[in-house]
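Participant: Everything in the sequence shown is counted per UniProt numbering, starting at 1 for the first residue and increasing by one.
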Amino acid sequence: MATTKLAGNPVQLAGEFPGKGSTAKKFVAVKQDLSEFSLEDFQGKRKVLNVFPSIDTDVCATSVRTFNKKASDLENTQVICLSFDLPFAHKRFCGAEGIDNVVTGSLFRSPDFLKDYGLLIEDGPLKGLAARAVIVLDENNTILHAEMVDDITHEPDYDAALAAL
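#1: Counting Cβ pairs closer than 8 Å, one from the stretch 12 to 21 and one from the stretch 67 to 79, do we hit at least three?
#2: Return the CA-CA distance between Tyr-29 and Pro-156, expressed in angstroms with no decimal places.
#3: If you draw a straight line from the C-alpha of Ile-24 to the C-alpha of Asp-159, how long is it?
#4: The alpha helix (DSSP H) that contains Lys-91, what's its start and end?
#5: For Leu-120 and Phe-84, which I take to be in contact (beta-carbon distance under 8 Å), what is that distance rounded to the nearest angstrom?
#6: I need the DSSP call for Ala-29, collapsed to helix, strand or coil.
#7: Provide the residue span of the beta strand (DSSP E) that contains Arg-46, from first to last.
#8: Which value, in whole angstroms, describes the spacing of the CA atoms of Gln-32 and Phe-88?
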């Protein structure tokens with residue numbers, strides 16, 4: 001069982017966080033228009049999975065803004081921002097912020113995603129939500145980079161993630 005921290009306090013996670021070289025597990029997420037997409041929809045592209053607890057928190061919002069800015073310079077790469085927020089929250093945030101270079105996906109129809117990726121917070125105030133992580137995939141969904149952020153209140157290492165591409 002993996003652990004991370006929330007403001008310095010240990011947090012237990014369910015599942016096993018995938019490592020570099022392994023193959024990403026399939027998942028389905030929900031777009032802002034309530035249609036579904038899967039990992040296979042981006043076959044042939046490199047992918048950056050930006051996973052976070054809630055788009056309505058400062059650090060999560062910053063990660064989406066930062067990846068949106070950096071994604072505009074990436075070729076053959078799709079940034080996918082994933083959380084359990086409802087698609088309506090993603091739509092509101094992205095509309096207000098002018099976010100248009102990333103795909104947002106709600107995991108509310110895919111409760112197994114967090115266990116499959118070892119990111120389900122099992123205790124503390126964020127119990128049931130996602131730990132913060134960035135997973136970079138090649139065109140065939142092989143993991144090139146996997147970072148579970150050491151403390152949920154910290155931003156991911158954007159440069160390390162993008163360097164893996």
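Virtual Cβ for every residue (Gly too), placed ideally from N, Cα, C.
Facilitator: To lay it out plainly:
#1: no
#2: According to the sequence displayed, residue 29 carries Ala and not Tyr. Cα to Cα, Ala-29 sits roughly 22 Å from Pro-156.
#3: The amino acid occupying residue 24 in the given sequence is Ala; Ile does not appear at that position. About 21 Å.
#4: 87 to 97
#5: Their Cβ separation, rounded to whole angstroms, is 10 Å, which puts Leu-120 and Phe-84 out of contact at 8 Å.
#6: strand
#7: 46 to 51
#8: 6 Å
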